[in-house]
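S.K.:
Number of protein chains: 2
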Amino acid sequence: MPDLTVAVQDYLKAIYVLETSDERVTTSALAQRMAVSAPSATAMTKRLDELGLVKRVPHRGVALTDTGRLGALEVLRHHRLLERYLVDRLGLALDEVHAEAELLEHALSEELEAKIDAELGFPTHDPHGDPIPDRELRLVHDVSRTLLDLEPGSSGSIARVPDGDSELLRYLGELGLVPEAEVEMVAQAPFGGPVTVRTSSGEHAISRELADRIAAA
Amino acid sequence: MPDLTVAVQDYLKAIYVLETSDERVTTSALAQRMAVSAPSATAMTKRLDELGLVKRVPHRGVALTDTGRLGALEVLRHHRLLERYLVDRLGLALDEVHAEAELLEHALSEELEAKIDAELGFPTHDPHGDPIPDRELRLVHDVSRTLLDLEPGSSGSIARVPDGDSELLRYLGELGLVPEAEVEMVAQAPFGGPVTVRTSSGEHAISRELADRIAAA
DNA sequence: GACGAGATTTAGTCATAGCTAATTCCGGAG
DNA sequence: CTCCGGAATTAGCTATGACTAAATCTCGTC
Chain A
1 MPDLTVAVQD YLKAIYVLET SDERVTTSAL AQRMAVSAPS ATAMTKRLDE
51 LGLVKRVPHR GVALTDTGRL GALEVLRHHR LLERYLVDRL GLALDEVHAE
101 AELLEHALSE ELEAKIDAEL GFPTHDPHGD PIPDRELRLV HDVSRTLLDL
151 EPGSSGSIAR VPDGDSELLR YLGELGLVPE AEVEMVAQAP FGGPVTVRTS
201 SGEHAISREL ADRIAAA
Chain B
218 MPDLTVAVQD YLKAIYVLET SDERVTTSAL AQRMAVSAPS ATAMTKRLDE
268 LGLVKRVPHR GVALTDTGRL GALEVLRHHR LLERYLVDRL GLALDEVHAE
318 AELLEHALSE ELEAKIDAEL GFPTHDPHGD PIPDRELRLV HDVSRTLLDL
368 EPGSSGSIAR VPDGDSELLR YLGELGLVPE AEVEMVAQAP FGGPVTVRTS
418 SGEHAISREL ADRIAAA
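Protein chains in written order, with the working numbering: chain A, 1 to 217; chain B, 218 to 434.
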């Protein structure tokens, strides 16, 4: 596998993430996620296909090949290891690390990756709770329940929060909704109403939709 | 100052270093240092001039403007801080850090730069002994004597070794000629002959030219 | 003061990755 | 089964930064 350009790596990562939620990865979805125009996305998917990284079907979307998936996982590993490192060793806040890791992930050599991995004791999850692919790029897929699955009156601990949206992360941090934190489900209002939880910082009401994006166990 | 591209930053750094040794920075010297063809160097110096980063005189060479010098010092600060960090906190070897820092220096945000600086206790020199520009990009210029200036029979400590050539650094490391190390000048052969020094690992003879590239105090 | 070697610049291309405008395709509504 | 709207693609450009081949300048030598 020759060296992939930064742009190619970013597209692979984006396609990987899109594939994980929706299985159909359309041009427009990809363009939106990469914040580029649709023609740019079309052009890039053609190149990725030529490079053997995706299978492209015109007007139908793309799917990663095995090679492409490995490329995506490599970037994801860099990203998540760096996030873990920046939080654990340099004290960055949970809402800052995503952007920093985004910058650094393409400049991480395999040697440095290994040093960081060892220094951290081979961590399995990034600070948002997302799994880190291991050295062989295997990724455990923790099937997770969300806050919504907690029965009123019962407790659990936060397993994962959405990454990437730093506004949201800052807000969640203020509510004490961070990975590892203990939470108690107080109430779930009916008719799509809000959900009330108790954290170390007190009782807070959040929307059902947000609660559903937070994994808990 | 709008964002400088990676290439522009690399050229600024190269020009800065060349200016420090020779004052005339010629197209061919620049092309050689950047491992690029002469026409490529010419084209880039034109762009740098348009950006107000250098003053270019056709067929005469370039000189950094104040703005250009600041750009170069910013990159140099990133580079040397990262080197210090990689050696002190991640245990990279002296001959490996240059290449790693080269990769990372363009991906370092100002926030992370500040965190690293604080974490290291605001270091003044990188692991090769080169000074690190401070937050205001001021650079102390240690006027230094070299190994050659040590009288036979006298001792000193290594202040600085050349960076960038990892072969050479590995060799110097084997001889115990690393920054901070104590060294005794045993003899300097006449007629441009070799220089013999004693380090913790014993007596070693090196060429006059090499001895002159090693700073000692 | 002219000459020629070597340094420098100009001319013309290429690859990457983005854009807008215009066109074409696909799938659902009638 | 046709038509239409939105998605996707094609066409044509732009900027960055590299290259080779060809032309030109500069400077030391005679």
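Cβ atoms here follow ideal geometry from the backbone N, Cα and C, with glycine treated the same way.
Considering only the alpha carbon of each residue, which of A:Glu74, A:Leu175, A:Ser154 and A:Ser201 lies closest to Ala217 (chain A)?
M.R.: Counting from 1 along the first sequence, the entry for residue 217 (chain A) is found at position 217. It is A:Ser154 whose Cα lies nearest to the Cα of Ala217 (chain A).
S.K.: Any beta carbon of chain A sitting closer than 8 Å to that of Ile349 (chain B)?
M.R.: Numbered from its first residue, the second sequence carries residue 349 (chain B) at position 132. Chain A has no Cβ within less than 8 Å of the Cβ of Ile349 (chain B).
S.K.: Listed in chain order, which residues of the segment 317 to 349 of chain B have Cβ atoms closer than 8 Å to some Cβ of chain A?
M.R.: Glu317, Leu320, Leu321, His323, Ala324, Leu325, Ser326, Glu328, Leu329, Lys332, Ile333 and Glu336
S.K.: Quick one: grab the DSSP three-state call for Ile349 (chain B).
M.R.: To locate residue 349 (chain B), count along the second sequence from 1; it is residue 132. If DSSP states are grouped into helix, strand and coil, Ile349 (chain B) belongs with coil.
S.K.: Distance check for His125 (chain A) and Ala432 (chain B), CA to CA, integer angstroms please.
M.R.: Counting from 1 along the second sequence, the entry for residue 432 (chain B) is found at position 215. Counting from 1 along the first sequence, the entry for residue 125 (chain A) is found at position 125. Taking the straight line joining both Cα atoms gives about 46 Å.
S.K.: Just tell me which of B:Tyr388, B:Gly409, B:Val414 and B:Phe408 has its CA closest to the CA of Val400 (chain B).
M.R.: Here residue 400 (chain B) refers to the residue found at position 183 when the second sequence is read from its first residue. If we check each option's Cα against that of Val400 (chain B), B:Val414 comes out closest.
S.K.: Using a beta-carbon distance cut-off of less than 9 Å, what residues from the segment 293 to 318 of chain B approach chain A?
M.R.: Leu303, Arg306, Leu307, Gly308, Leu309, Glu313, Ala316 and Glu317
S.K.: Check whether the segment 76 to 95 of chain A touches the segment 127 to 137 of chain A, taking contact to mean three or more Cβ pairs, one atom from each stretch, closer than 8 Å.
M.R.: With a cut-off of 8 Å, the segment 127 to 137 of chain A and the segment 76 to 95 of chain A count as touching, because enough Cβ pairs lie within range.
S.K.: On the DSSP bridge list, what partners appear for Val195 (chain A)?
M.R.: As a position in the first sequence, residue 195 (chain A) is number 195, starting the count at 1. Note: Val195 (chain A) sits in a beta bridge opposite A:Gln188 and A:Ile206.
S.K.: In terms of residues, what are the limits of the beta strand (DSSP E) holding Ile158 (chain A)?
M.R.: Here residue 158 (chain A) is taken as the residue at index 158 of the first sequence, counted from 1. Element bounds for Ile158 (chain A): Ser155 to Arg160.
S.K.: Quick test of your reading: Leu120 (chain A) and Val195 (chain A), contact by CB under 8 Å. State the CB separation rounded to the nearest angstrom.
M.R.: Numbered from 1 along the first sequence, position 120 holds the residue referred to as residue 120 (chain A). Numbered from 1 along the first sequence, position 195 holds the residue referred to as residue 195 (chain A). The C-beta distance from Leu120 (chain A) to Val195 (chain A) rounds to 34 Å, too long to meet the 8 Å contact threshold.
S.K.: Classify Arg33 (chain A) as helix, strand or coil using the three-state DSSP reduction.
M.R.: As a first step, residue 33 (chain A) must be located in the first sequence, where it is residue number 33. If DSSP states are grouped into helix, strand and coil, Arg33 (chain A) belongs with the helices.
S.K.: Checking 8 Å against the spacing of the C-beta atoms, do Val25 (chain A) and Val57 (chain A) come in under that value?
M.R.: For the purposes of this step, residue 25 (chain A) is identified with residue 25 of the first sequence, where counting begins at 1. For the purposes of this step, residue 57 (chain A) is identified with residue 57 of the first sequence, where counting begins at 1. The answer is no: Cβ separation not under 8 Å.
S.K.: Just list the alpha helix (DSSP H) runs in the segment 8 to 82 of chain A, keeping only unbroken ones of 4 residues or longer that don't cross its boundaries, in chain order.
M.R.: Segments of the alpha helix (DSSP H) lying fully in the segment 8 to 82 of chain A: 27 to 34 and 38 to 50.
S.K.: Measuring alpha carbon to alpha carbon, tell me which residue in B:Leu356, B:Gly373, B:Leu354 and B:Lys263 is nearest Thr363 (chain B).
M.R.: If you number the second sequence from 1, residue 363 (chain B) lands on position 146. Here the closest residue by C-alpha is B:Gly373.
S.K.: Return yes when the Cβ of Ser166 (chain A) is within less than 8 Å of the Cβ of Ala228 (chain A), no when it is not.
M.R.: Here chain A comprises residues numbered 1 to 217, so residue 228 (chain A) is not present and cannot be evaluated.
S.K.: Give me the Cα-Cα distance between Ala41 (chain A) and Leu325 (chain B), rounded to the nearest whole angstrom.
M.R.: Looking up residue 41 (chain A) in the first sequence gives position 41. Looking up residue 325 (chain B) in the second sequence gives position 108. Cα-Cα distance, rounded: 28 Å.
S.K.: What are the residues that DSSP puts in a beta bridge with Ala216 (chain A)?
M.R.: In the first sequence, residue 216 (chain A) corresponds to position 216, counting from 1. Ala216 (chain A) is bridged to A:Arg145 and A:Ile158.
S.K.: Apart from the five residues just before and just after Val403 (chain B), which ones in its own chain have a Cβ nearer than 7 Å to its Cβ?
M.R.: Residue 403 (chain B) sits at position 186 when you count from the first residue of the second sequence. For Val403 (chain B), where only same-chain residues beyond five positions count, the Cβ hits under 7 Å are Pro369, Thr413, Val414, Arg415 and Glu420.
S.K.: Using the DSSP secondary-structure output, state which residues sit across from Val183 (chain A) in a beta bridge.
M.R.: The count along the first sequence starts at 1 and reaches residue 183 (chain A) at position 183. Answer is A:Gly156, bridged to Val183 (chain A).
S.K.: Pairing CB atoms from the segment 221 to 235 of chain B with CB atoms from the segment 280 to 293 of chain B, are three or more of them under 8 Å?
M.R.: yes
S.K.: Could you tell me how far apart the beta carbons of Ile132 (chain A) and Arg84 (chain A) are, in whole angstroms, since I believe they sit closer than 8 Å?
M.R.: In the first sequence, the residue the question calls residue 132 (chain A) occupies position 132. In the first sequence, the residue the question calls residue 84 (chain A) occupies position 84. Right, their Cβ atoms sit about 7 Å apart.
S.K.: Out of curiosity, what's the CA-to-CA distance linking Leu268 (chain B) and Leu299 (chain B)?
M.R.: Here residue 268 (chain B) refers to the residue found at position 51 of the second sequence. Here residue 299 (chain B) refers to the residue found at position 82 of the second sequence. Distance between the alpha carbons of Leu268 (chain B) and Leu299 (chain B): 27 Å.
S.K.: With respect to the alpha helix (DSSP H) encompassing Ala118 (chain A), which residues constitute its N-terminal and C-terminal limits?
M.R.: Here residue 118 (chain A) refers to the residue found at position 118 when the first sequence is read from its first residue. Ala118 (chain A) -> alpha helix (DSSP H) spans Glu110 to Glu119.
S.K.: Cutting at 8 Å between CB atoms, please list the residues of its own chain near Gly381 (chain B), excluding the five before and the five after it.
M.R.: The residue you call residue 381 (chain B) lines up with position 164 of the second sequence. The beta carbon of Gly381 (chain B) sits closer than 8 Å to the beta carbons of His315 from its chain, once the five residues preceding and following it are set aside; these are given in chain order.
S.K.: Rounded to a whole number of angstroms, what is the C-alpha to C-alpha distance between Thr282 (chain B) and Ala246 (chain B)?
M.R.: Position 65 of the second sequence holds residue 282 (chain B). Position 29 of the second sequence holds residue 246 (chain B). Distance between the alpha carbons of Thr282 (chain B) and Ala246 (chain B): 19 Å.
S.K.: Here's a check: name, in chain order, each residue in its chain whose Cβ is nearer than 8 Å to the Cβ of Gly192 (chain A), leaving out the five neighbours to either side.
M.R.: Numbered from 1 along the first sequence, position 192 holds the residue referred to as residue 192 (chain A). Counting only Cβ-Cβ distances below 8 Å, and skipping sequence neighbours, we find Arg208.
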